[in-house]
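Enquirer:
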Amino acid sequence: MLLDMEGITVHYGKSLAVKDVSLHVPEGAVVSIIGANGSGKSTVLRALVGLTALSAGTIRYKGNLINGLSTTNIVKQGIVLVPEGRQLFPYLTVLSNLKLGASLRKDPLEEDLDQVYRLFPVLEQRRNQKAGTLSGGEQQMLAIGRGLMAKPTLLCMDEPSLGLAPIVIEQLGETIKSINARGVTVLLVEQNVHLALGVANAGCALQVGKVVLQGDIETMKSSDIVKRAYLGG
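Sequential numbering from 211 applies to the sequence shown in the numbering used here.
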């Protein structure tokens with residue numbers, strides 16, 4: 211198992227955000243975490259990458275305990291977060307934003323830049339354009355490309371479809387499959403359940419900070435919990 215999160219509990223002040231969440235991500239998989247706003251999805255990712263402290267629980271990556279490490283050291287382990295809202299540097303160029311994703315690397319970047327440009331040709335066309343002038347879909351491409359520049363083995367994506375048009379969301383799904391096909395494991399947090407379940411091998415559903423369902427993708431799609439709460443069934 212590439213990632214094992216066991217009994218994760220997180221508080222924000224006195225408020226309980228997630229309680230006793232366990233999540234397992236096999237190497238090479240796409241695993242989706244679904245749930246409504248406020249269910250604790252993003253908190254799980256923030257805890258994983260060291261942006262939020264655990265109140266209880268353990269996180270193991272490739273068998274090694276990583277909770278307590280700094281975010282910088284977690285990135286060096288190969289875990290990279292594409293954050294909600296993209297969080298680009300709008301007054302820097304596309305190319306500068308991409309290079310910032312590789313800021314912890316010491317090796318040459320040209321091959322990885324070429325791979326990002328093959329995945330997102332529009333970014334090469336606009337590499338000297340300021341990031342803030344891109345469309346919403348293009349900005350999401352840039353955020354994902356910046357994450358890939360860190361050479362992740364586990365790419366975590368937090369609500370990547372937020373604010374995107376349906377046609378762009380469909381393209382995003384194909385992008386996630388393409389990234390996974392290149393050997394990158396993906397942990398996806400998504401409120402758009404059709405996207406989340408459409409690209410995943412397995413998943414879990416959170417409600418009010420607790421796991422209410424977990425399993426392979428057929429288990430998720432056929433569950434009455436998912437049908438009632440998310441698919442209108």
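Ideal Cβ placement from N, Cα and C applies to all residues, glycine included. Computed from a predicted model, the values in this text were never measured in an experiment.
Curious, which full-length alpha helix (DSSP H) runs of at least 4 residues does the segment 253-295 contain?
Expert: Qualifying alpha helix (DSSP H) stretches, in chain order: 281-287.
Enquirer: Identify whether LYS309 lies in helix, strand or coil by the three-state DSSP scheme.
Expert: Helix.
Enquirer: Taking 8 Å as the cut-off, does the segment 391-403 touch the segment 363-376 (at least 3 CB pairs, one atom from each stretch)?
Expert: Here the segment 363-376 makes contact with the segment 391-403; the two share three or more CB pairs at distances below 8 Å.
Enquirer: So, under 8 Å CB-CB, ILE435 and ALA412 are touching, yes? Tell me the CB distance rounded to an integer number of Å.
Expert: That belief does not hold up - the Cβ atoms of ILE435 and ALA412 are roughly 15 Å apart, past 8 Å.
Enquirer: Please name the residue, chosen from ASP230, GLY217, HIS234 and GLY267, that lies closest to MET211 on a Cα-to-Cα basis.
Expert: HIS234
Enquirer: Whose C-alpha, out of ALA227, THR385 and LEU329, is nearest the C-alpha of ALA257?
Expert: ALA227
Enquirer: For ALA410, write down the residues that DSSP places opposite it in a beta bridge.
Expert: ALA410 is not bridged to any residue.
Enquirer: With a threshold of 7 Å (Cβ to nearest heavy atom), would ALA406 be considered close to the ligand MN?
Expert: The model on display carries no ligand, and the ligand MN is accordingly not part of it.
Enquirer: Indicate the three-state DSSP secondary structure (helix, strand or coil) for LYS431 in the structure shown.
Expert: helix
Enquirer: Within its chain, find whatever has a CB closer than 8 Å to the CB of THR219; leave out the 5 residues flanking it on each side and keep chain order.
Expert: LEU226, VAL228, LYS229, ASP230, VAL231, LEU264, SER265, ALA266 and GLY267
Enquirer: Go to VAL378, then tell me how far its alpha helix (DSSP H) extends in each direction, as first and last residue.
Expert: 376-391
Enquirer: In terms of alpha-carbon separation, which member of LEU213, GLY425 and LEU358 lies closest to LEU445?
Expert: Residue 445 is absent from the model: the chain starts at 211 and stops at 443.
Enquirer: With distance defined between alpha-carbon atoms, name the residue in VAL290, VAL421, GLY245 and ARG296 nearest to GLY346.
Expert: ARG296
Enquirer: Nearest to VAL326 by CA position, among ILE379, LEU302 and LEU352, is which residue?
Expert: LEU352
Enquirer: From this set, ALA239, GLU237, GLU216 and SER249, which residue's C-alpha is nearest LYS420's C-alpha?
Expert: SER249
Enquirer: Would you say ALA312 and MET359 are within 8 Å of each other, going by their C-beta atoms?
Expert: yes
Enquirer: Give the secondary structure of GLY357 by DSSP, where H, G and I count as helix, E and B as strand, and everything else as coil.
Expert: helix
Enquirer: Which class does LEU314 belong to by DSSP, given the choice of helix, strand or coil?
Expert: coil
Enquirer: DSSP state of GLU369, grouped into three classes?
Expert: coil
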